[in-house]
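Engineer:
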DNA sequence: CCACCATTCAATCAATGTGTTGAGCATTGC
DNA sequence: GCAATGCTCAACACATTGATTGAATGGTGG
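As structure tokens, this is what we get:
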């Protein structure tokens, strides 16, 4: 029984390492490329010593590795299935969000999910007519990768940035995963303003998993001086 | 009221909920079927009140749901992609274990991975001759599902339970995932005792993912009405 | 080999998380 | 209704984690 205890204890330890917003933020920045401690502290708005401590915590769990370059210690992502773990975590979070949203929607007797369109349907439409792709996730998620040609307007800014959208084109909104419900809100808001909008059924994760083109923000890797 | 939580804080909160060995243990027991608080407290060796608190923690994060039956409150697994999350966590842990193991192995100049056999190869052999399948994971993991006809001997008990294995048959040992390295140890131990043993390359996860038959020990979760 | 500087370590305090106790509150059986 | 049962809640003590400071380390570049 002693070894099993150790095994589950190990899992808990790993989960706990991810159980801190600052460490997750550091991890996301590191996922975009090697960064020095100083740069990471800047990016995450942490003190140098604090960032260093969190980074060592991550390192102990194997989520990051280090190497020295000149005066700087550069942190990079560790080996192993880290991405699947983070994706699973986000997927679950999306589902939770959707669940809460559904409760609210039910109480208001909302109709269903505003008939989402599939990836195939989207591809077909993109080849036949012009479609405006609207990415309603946060800016940093958008920067990490999005559908080619998509416009990024986080859902909470949508109402006051409607002007950025072409009035004549059909709009397809999407967010992360099938569970992510931001796009439902977005479509509802767009339609309320008289725009032709639909949502993509399975979101960005599905698109990427299908091996389709993904665009990333201009500056992907900036090692600095 | 500061209910505003950034996306990343939500992720951290969920991860933190999994970041406790007792909660993980509770979750694993619940995954096997509905259980009352009392039973769960027993199974995990926690006080009643403490178990109750941890369960409510899990409930807040949506990992479990409750219903009342007579005097008892029964906890069951929540909806949403919980299993993938736990699998991803375990996979990552397996990889970490393998990494440490490799370091040790390297320092001893061990040979490579004892030529693992693929799933296809295993299936072929199972159809042609008799093969003894040896599951070296812990008993509770075994209970949650294993290859059909497999014998379960946790790797740490292997040395003193060799008698349970048929001496004349070829043995194929496996554990969870490609990263899991317990089976390497097992094969090494078996060969040291003169038995014909090989390890399965990708472990149970791969087998299950391929949609092949899985045997379970205890009754599987029944959602009821 | 020396001075510099990015990073880490150590010590401290505040904040959070955990486990125990005993009280409180439903539900069932009498 | 009343006691018994099963669970939750509240309050406390204790352990762990997190942020801040300032000092130490150790590799670099001169």
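Chains as they are written, first to last, in UniProt numbering: chain E, 1 to 225; chain F, 1 to 225.
Built from N, CA and C at the ideal position, the CB exists for glycine as well.
My output table needs one value for residue 66(F): the three-state DSSP class, helix, strand or coil.
Structural biologist: Looking up residue 66(F) in the second chain gives position 66. Residue 66(F): strand per DSSP, three-state reduction.
Engineer: Is the CB-CB distance between residue 77(E) and residue 64(E) below 9 Å?
Structural biologist: Taking the first chain and counting its residues from 1, one reaches residue 77(E) at position 77. Taking the first chain and counting its residues from 1, one reaches residue 64(E) at position 64. Going by C-beta atoms, residue 77(E) is nearer than 9 Å to residue 64(E).
Engineer: Quick check: the Cα distance between residue 32(F) and residue 144(F), rounded to an integer number of angstroms?
Structural biologist: Indexing the second chain from 1 puts residue 32(F) at position 32. Indexing the second chain from 1 puts residue 144(F) at position 144. The alpha-carbon atoms of residue 32(F) and residue 144(F) are separated by roughly 7 Å.
Engineer: Is there a C-beta anywhere in chain E that falls below 9 Å from the one on residue 206(F)?
Structural biologist: Residue numbering aside, residue 206(F) sits at position 206 when the second chain is read from its first letter. Not closer than 9 Å to any Cβ of chain E, the Cβ of residue 206(F) fails to qualify, so no.
Engineer: Exposed or buried, which one is residue 61(F) when buried takes at least 16 other CB atoms within 10 Å?
Structural biologist: Reading the second chain from its first residue, position 61 is the one you call residue 61(F). Flag for residue 61(F) reads buried.
Engineer: Using a Cβ-Cβ cutoff of 7 Å, what residues of the segment 81-100 of chain E are near chain F? List them in chain order.
Structural biologist: Going along the segment 81-100 of chain E in chain order, one finds 81, 82, 84, 85, 88, 89, 90, 91, 92, 93, 95, 96, 99 with a Cβ nearer than 7 Å to chain F.
Engineer: Interface residues of chain E around residue 7(F) at Cβ under 7 Å?
Structural biologist: For this step, residue 7(F) is matched to residue 7 along the second chain. In chain order: 138.
Engineer: Determine whether the beta carbon atoms of residue 197(F) and residue 172(F) lie at a separation below 9 Å.
Structural biologist: For the purposes of this step, residue 197(F) is taken as residue 197 along the second chain, with counting starting at 1. For the purposes of this step, residue 172(F) is taken as residue 172 along the second chain, with counting starting at 1. The answer is yes: Cβ separation under 9 Å.
Engineer: Along the chain, where does the alpha helix (DSSP H) that runs through residue 140(E) open and close?
Structural biologist: Translated into positions along the first chain, residue 140(E) becomes position 140. Residues 139-144.
Engineer: Can you tell me whether residue 150(F) is helix, strand or coil according to DSSP?
Structural biologist: As a first step, residue 150(F) is located in the second chain; it is residue number 150 there, counting from the start. Residue 150(F): coil per DSSP, three-state reduction.
Engineer: Quick check: what's the CA-CA separation for residue 123(F) versus residue 131(E)?
Structural biologist: Numbered from 1 along the second chain, position 123 holds the residue referred to as residue 123(F). Numbered from 1 along the first chain, position 131 holds the residue referred to as residue 131(E). Approximately 48 Å between the Cα atoms of the pair.
Engineer: Nearest by alpha-carbon distance to residue 71(F): which of 12(F), 156(F), 191(F), 36(F) is it?
Structural biologist: Here residue 71(F) refers to the residue found at position 71 when the second chain is read from its first residue. Of 12(F), 156(F), 191(F), 36(F), the residue nearest in Cα terms is 36(F).
Engineer: Got a sec? Which residues, its chain only, sit under 6 Å from residue 91(E) by beta carbon, not counting five neighbours each side?
Structural biologist: Numbered from 1 along the first chain, position 91 holds the residue referred to as residue 91(E). Within the same chain, residue 91(E) has close Cβ partners 177.
Engineer: Kindly indicate the opening and closing residues of the beta strand (DSSP E) around residue 198(F).
Structural biologist: Position 198 of the second chain, counting from 1, holds the residue named residue 198(F). Here the beta strand (DSSP E) through residue 198(F) covers 197-199.
Engineer: Report the neighbours of residue 20(F) on chain E: residues whose CB is nearer than 7 Å to its CB, in chain order.
Structural biologist: Reading the second chain from its first residue, position 20 is the one you call residue 20(F). Within 7 Å Cβ-Cβ: 12.
Engineer: Given this structure, state the Cα-to-Cα distance separating residue 210(E) from residue 168(E), to the nearest angstrom.
Structural biologist: The sequence position of residue 210(E) within the first chain is 210, counting from 1. The sequence position of residue 168(E) within the first chain is 168, counting from 1. Their backbone Cα atoms lie some 29 Å apart in a straight line.
Engineer: With 16 as the cutoff for other CB atoms within 10 Å, does residue 48(E) come out buried or exposed?
Structural biologist: On the first chain, position 48 is the one that residue 48(E) refers to. Per the 10 Å Cβ criterion, exposed.
Engineer: Measuring only the C-alpha atoms, how far is residue 54(E) from residue 27(E)?
Structural biologist: Reading the first chain from its first residue, position 54 is the one you call residue 54(E). Reading the first chain from its first residue, position 27 is the one you call residue 27(E). Using only the alpha carbons, I get a separation of about 10 Å.
Engineer: For residue 93(F) and residue 10(E), which I take to be in contact (beta-carbon distance under 8 Å), what is that distance rounded to the nearest angstrom?
Structural biologist: Against the second chain, residue 93(F) aligns to sequence position 93. Against the first chain, residue 10(E) aligns to sequence position 10. Right, the Cβ-Cβ distance comes to about 5 Å (below 8 Å), so this counts as a contact.
Engineer: Measure from the alpha carbon of residue 182(F) to the alpha carbon of each residue in 148(F), 98(F), 206(F), then state which is nearest.
Structural biologist: Along the second chain, read from residue 1 onward, the residue named residue 182(F) stands at position 182. Of 148(F), 98(F), 206(F), the residue nearest in Cα terms is 98(F).
Engineer: DSSP state of residue 207(E), grouped into three classes?
Structural biologist: Indexing the first chain from 1 puts residue 207(E) at position 207. Residue 207(E) falls in the helix class under three-state DSSP.
Engineer: Go through its chain and collect everything with a Cβ distance to residue 217(F)'s Cβ below 7 Å, but skip five positions before and after it.
Structural biologist: Working through the second chain from its first residue, we reach residue 217(F) at position 217. Within the same chain, residue 217(F) has close Cβ partners 142, 143.
Engineer: Within 10 angstroms of the Cβ of residue 194(E), are there 16 or more other Cβ atoms? Answer buried if so, exposed if not.
Structural biologist: The residue you call residue 194(E) lines up with position 194 of the first chain. Exposed, by the Cβ-count rule.
Engineer: Pick helix, strand or coil for residue 80(E), following the three-state DSSP scheme.
Structural biologist: On the first chain, residue 80(E) is found 80 positions in, with the first residue counted as 1. It is coil, neither helix nor strand.
Engineer: Name the chain E residues that come within less than 7 Å of residue 16(F), Cβ to Cβ?
Structural biologist: Along the second chain, one-based indexing puts residue 16(F) at 16. Residues of chain E passing the Cβ test: 16, 19.
Engineer: Give me, in chain order, the residues of the same chain whose beta-carbon lies closer than 7 Å to that of residue 148(E); leave out the 5 immediate sequence neighbours on both sides.
Structural biologist: One-based indexing of the first chain puts residue 148(E) at position 148. Cβ within range, chain order: 213, 215.
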